[in-house]
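Right, one structure below, let's go through it.
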Amino acid sequence: MGNLTRRNFVIGGGALALSPLIVPRAFAQAKTIKIGALYPLTGNLASTGLDNRRGVELAVEIINGKYDLNLPLARTEGIPGLGGAKLEVVWADTKGEPKNGQAEAERVVTQDHVVGIIGAYQSSVTKVASQATERLKVPYVCSDASSPTLTERGLKYFFRVSPHDGIFAHDQFRFLKDLEAQKKQKVQTVAVLYENTEFGSNVGKEDLRYAQEYGYKVVADISYTNNATDVTSEVGRLIKASPDVLLHASYITDAILFTKTFKEMGFNPKGMLTMAGYIEPGYLPAIKADGNFIIVRSTFALDLAKKKPLVGQVADLFKKKYGIEMSENAARSFMAPFVLAEAISRAKSTDAEAIVKALQGTNIPGDQVIYPWKGIQFDPKTQQNVHATGTLVQIQDQKYLTVWPFESAAADVVWPLPAWKSRK
Amino acid sequence: MKTFTKRQISISGAVLVLLALYPLAVSGSFAMHLMIMVFLFATLGVAWNIMGGYAGMFSFGQAAFFGIGAYTSSFLFTAYHVNPWIGLLAGGVAAAAAAALIGIPCSNLRGHYFAIASIAFAEIVRIHFNNWKLIGAAEGLTIPMQDESLRNFMFHSSKAPYYYIMLAFLLLSLGVCAWVATSRMGFYLRAIKESHDVAKVLGVDVVRYRMAAIMISAFLTAMVGTFYAQYILYLDPESVLILPISVQIVLVSMLGGAGSVMGPVIGAAILLPISEFTRVKLGFKGSGLDMIIYGTLIMLISVYQPQGVWGILQKIGRKKK
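Residue numbers (the numbering used here), protein chains in the order written: chain A, 5 to 428; chain B, 10 to 330.
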């Protein structure tokens, strides 16, 4: 490119910068209801944000179009309570930073006049963004951030559909009890291992609380930084403590590192109950068969389709639209637009107070959600969905299979897990 | 001390009047947010300039001072109900003390060695705060909402008070910087920047003046940290103590022109709107195009105009004469 002069380069760059501004805007439809969606669409978490976005896009398509699905507002076009008005999403990029969460929430409310907000994925960003919407008196329906503190602040305009980390931690202990009662497996001691940011340390706190409540002895309580490059000392302490069960809250890179170190050093508890990192799309490709038998919390698994045809129908639509399997992140974000739109439809108004009142009266039955829940109803005080629970999936033959709750299990849980030496 | 020309005085007067009227002219909180961010980074840049631009101490660790300021006032408020304005002063003092502590061992480091040490310092602070249970560790601190008032340093119904406070902070730091630049200290700092040894031979107390520059810079930076905390009402190590904040501060100053009083202001006035607008207009597409355009602009300026935009303006001014 010898003849690329400085001038041409600058002009080209300028034109590139302006191009999105001169594309004509689509003709505004007579009746559209705007909602704002905050996600980390660029930056470190861009791939996750994109996954969240796909879930929301599909949900809005189902709400606006006519689909023979047992989901709220699927069989009608648009929002029936407002004469079939269409839902329009105003996308806002947080870049994963709290200050942008605030700025973008304010911008879409004051400039685009959205009637409600969804999203943010990260708990820290959600925290700040929901403070902004509280000040502006705009409803916020979150179905993807999991810090328990979000719904403990007494906010009036903030609702959470999905389970929080406290619920997930509780699930793990309920699983252990069920295991003892139904599968006659004895568990006495647990080790708690967690990365030390907001997510991990909250899980650690909840784990310790439930261990006491359920009467398990905690033989190790270990926190670490998630960008550690060597965890042999942590694993050494675990081996020394020799717990029946390991409870681990991690992100992806540390999940991979720990799994490798477990194998190298031969750490063999009866079971490993883990969170987050172990179910990210990058985990299994990196670790392959060594990930087998690890149990992970999840809100969603494709095999739920066996018991719940709706899950299969939605997952098929997703795969047709994007060419990839529906991930947990996409599935989590999927539900928020339905909850918000269904409340707007019942409120028959876009007035914030009316929508909040309708949200408080939300009662979506279990057969209309794509998770194994009894439905969606908000606690009058915290506005957390009281029916939100997680499931536990176990990696078997390098696939995530639902193993708990036992009544919706797609596979039998393998317990105790085989020692590293005896694996081929 | 250099005297200002009539033209300079009338231009700055007009700019000030325009800035004072800006909140009345615009609607929507985003326009206000944008200007607040411009002022915020301009102030951080001006504070950096005192040590980086004049004294040649290229700090890539300003986030540490910023975070210490934000954390001190927020912790004092959440734990002991200390008024944030007092917290602001306490944060400034704490940051200046930290600066002195780090300044002593680093006082003989030059050029990139100082830059490396500053990064290390900021990372130590970040990791320490990340594990410090008393101040919320990695979970951070949430500042509970209070009634809005100047006394509480908290406003809900309008962003205008934040705007004026941040503008006042900017003017204050510009005043401090102009004073440093034109005082005896400014000349000493420039002498130190040119050559440590020559300055020492000429009788300049190198360590003392370098320390003074770092401490003033740290105090002003911490003050902005408190403002940030009161503006966002939530902070964790990831949002106030990370390296990208330090880099952004250096960028703003270098782009506008390090070593001139107004340089960082111009840098912030160019960089922040570009970064905010590209995010708003392009970020939602998720293509990363906004970052590419942003990066390209920075590259163009650093390759073709290393003195910064202020250098370009000066060249134009000289031609006119």
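Note that beta-carbon positions come from the ideal geometry of N, C-alpha and C, so glycine has one too.
No experiment lies behind these values; they were computed from the predicted model shown.
Its chain contains Ala277, Ala278, Leu281 and Pro282 as the residues whose beta carbon lies nearer than 8 angstroms to that of Val47 (chain B), once the 5 sequence neighbours on both sides are disregarded; these appear in chain order. By the rule that beta-carbons nearer than 8 angstroms mark a contact, Glu132 (chain B) does not touch chain A.
By the 16-neighbour rule on beta-carbons within 10 angstroms, Pro313 (chain A) is exposed. If you draw a 10 Å sphere on the C-beta of Val64 (chain A), you find 16 or more other C-beta atoms in it, and that means buried. For the pair Asn333 (chain A) and Phe236 (chain B), the Cα-to-Cα distance works out to about 35 angstroms. With respect to chain B, the C-beta atom of Glu110 (chain A) has a partner C-beta closer than 8 angstroms.
Close CB contacts of Val235 (chain A) within its chain, under the 7 angstroms cut and outside five residues either way in sequence, are with Tyr228, Leu261, Phe262 and Thr265 (chain order). Interface residue (Cβ-Cβ distance to chain A less than 8 angstroms): Ile241 (chain B) is classified as such.
Contacts with chain A at 8 angstroms (Cβ-Cβ) do not include Ala200 (chain B). The continuous beta strand (DSSP E) containing Ser227 (chain A) extends over residues Lys221 to Tyr228. With a 10 Å radius around the Cβ and a threshold of 16 neighbouring Cβ atoms, Met330 (chain A) comes out buried. Residue pairing from DSSP places Glu199 (chain A) in a beta bridge opposite A:Tyr228.
In the assembly as shown, Met308 (chain B) is an exposed residue. Its beta-carbon has fewer than 16 other beta-carbons within 10 Å.
At least 8 angstroms separates the CB of Pro152 (chain A) from every CB of chain B. For Phe163 (chain A), the enclosing beta strand (DSSP E) has its first and last residue at Phe162 to Arg164.
Arg327 (chain B) is outside the set of residues whose beta carbon lies under 8 angstroms from a beta carbon in chain A. From the beta-carbon of Asp97 (chain A), the residues of chain B found nearer than 9 angstroms are Arg288, Val289, Leu291, Gly292, Phe293, Lys294, Gly295 and Asp299.
Residue range Ile256 to Met269 is occupied by the alpha helix (DSSP H) that includes Lys264 (chain A). Not one beta carbon of chain B lies nearer than 8 angstroms to the beta carbon of Asn333 (chain A). Per DSSP, Glu203 (chain B) is one residue of the alpha helix (DSSP H) stretching across Arg193 to Glu203. DSSP places Asp97 (chain A) in the strand class (E or B) of the three-state scheme.
The alpha carbon of Val343 (chain A) has as its nearest neighbour, out of A:Arg79, A:Ser147 and A:Thr36, the alpha carbon of A:Ser147.
With a contact defined as Cβ atoms closer than 8 angstroms, Thr130 (chain A) and Leu91 (chain A) miss out at about 21 angstroms. Any Cβ of chain B closer than 8 angstroms to the Cβ of Lys131 (chain A) would place that residue at the interface, and such an atom is present. His137 (chain B) counts as exposed, since fewer than 16 other beta carbons sit within 10 angstroms of its beta carbon. Ser134 (chain A) places its beta carbon 8 angstroms or farther from that of Asn206 (chain A).
Nearest C-alpha to Phe69 (chain B) among B:Glu285, B:Ile223 and B:Tyr173: B:Ile223. Taking C-beta atoms as the reference points, Ser226 (chain B) and Ile59 (chain B) count as a pair closer than 8 angstroms.
Contacts with chain A at 8 angstroms (Cβ-Cβ) include Gly149 (chain B). Beta-bridge annotation (DSSP): Trp408 (chain A) is paired with A:Leu396. In this structure, the CA atom of Thr14 (chain B) is about 42 angstroms from the CA atom of Leu242 (chain B). Not a single C-beta of chain A is nearer than 8 angstroms to the C-beta of Ala51 (chain B). Rounded to whole angstroms, the gap between the alpha carbons of Phe67 (chain B) and Phe50 (chain B) is 17 angstroms.
For Leu42 (chain A), the enclosing beta strand (DSSP E) has its first and last residue at Thr36 to Tyr43.
Between Thr393 (chain A) and Pro247 (chain A), the beta carbon gap of about 25 angstroms keeps them out of contact (Cβ cut-off 8 angstroms). Contact of Lys103 (chain A) with chain B by beta-carbon distance below 7 angstroms involves Ile241 and Ser248.
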